[in-house]
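Below you'll find the structure, written out as structure tokens, and then a few comments.
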Amino acid sequence: LAIALPAINYSVDQFVQANDTMLAKNISQKLEEQFSLFEFLADGSKKTFEFVPTKDISISMQNNQLTVFTKQKSFIIQTNSKQNFSHEFDSKFEIILTKTKGKTEIYFN
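In this note's numbering, the protein residues as written are 175 to 283.
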């Protein structure tokens, strides 16, 4: 049991990290699609997405570069928004996209 327990913990940790990495990729792809779509939508448009990470996912934006990352990998997309933020999520969260004055803004709940 003393030999197997570390191997089991390692396997579970690797599964959790892989799951969050797949979710981070999904989030970045979905946001990239939506930022492109929002370019054609009218001001006041709004869309909300809900995500549930297994452990930790971080989302940051500096100028117009949005990065979604886990401990294993990061995914970067270019946006038309000039926001600056950094958020870490370890439980269910929402991403809210709105279009204001011709720019797509991102908020979290």
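Think of the CB as a built atom: it goes at the ideal place given N, C-alpha and C, for glycine as much as any other residue.
Computed from a predicted model, the values in this text were never measured in an experiment.
> Just the Cα atoms here: how many angstroms apart are K275 and D217?
Replying inline: For this step, residue 275 is matched to residue 101 along the sequence shown. For this step, residue 217 is matched to residue 43 along the sequence shown. Cα to Cα, K275 sits roughly 6 angstroms from D217.
>> For F225 and N254, I'd like the C-alpha separation in whole angstroms.
In response: The residue you call residue 225 lines up with position 51 of the sequence shown. The residue you call residue 254 lines up with position 80 of the sequence shown. Taking the Cα positions, F225 is about 23 angstroms away from N254.
>> Can you tell me whether Q246 is helix, strand or coil according to DSSP?
In response: The count along the sequence shown starts at 1 and reaches residue 246 at position 72. Q246: coil per DSSP, three-state reduction.
> At which residues does the beta strand (DSSP E) containing E213 begin and terminate?
Replying inline: Along the sequence shown, one-based indexing puts residue 213 at 39. First-last for E213: undefined, no H or E at that position.
> According to DSSP, is S202 helix, strand or coil?
Replying inline: The count along the sequence shown starts at 1 and reaches residue 202 at position 28. Collapsing the DSSP output to three states places S202 in a helix.
> What does E279 pair with, by DSSP beta-bridge criteria?
Replying inline: On the sequence shown, residue 279 is found 105 positions in, with the first residue counted as 1. The beta-bridge partner set that DSSP reports for E279 consists of T272.
> Hey, how far is the Cα of S232 from the Cα of K199?
Replying inline: Taking the sequence shown and counting its residues from 1, the one referred to as residue 232 is at position 58. Taking the sequence shown and counting its residues from 1, the one referred to as residue 199 is at position 25. Taking the straight line from one Cα to the other gives about 12 angstroms.
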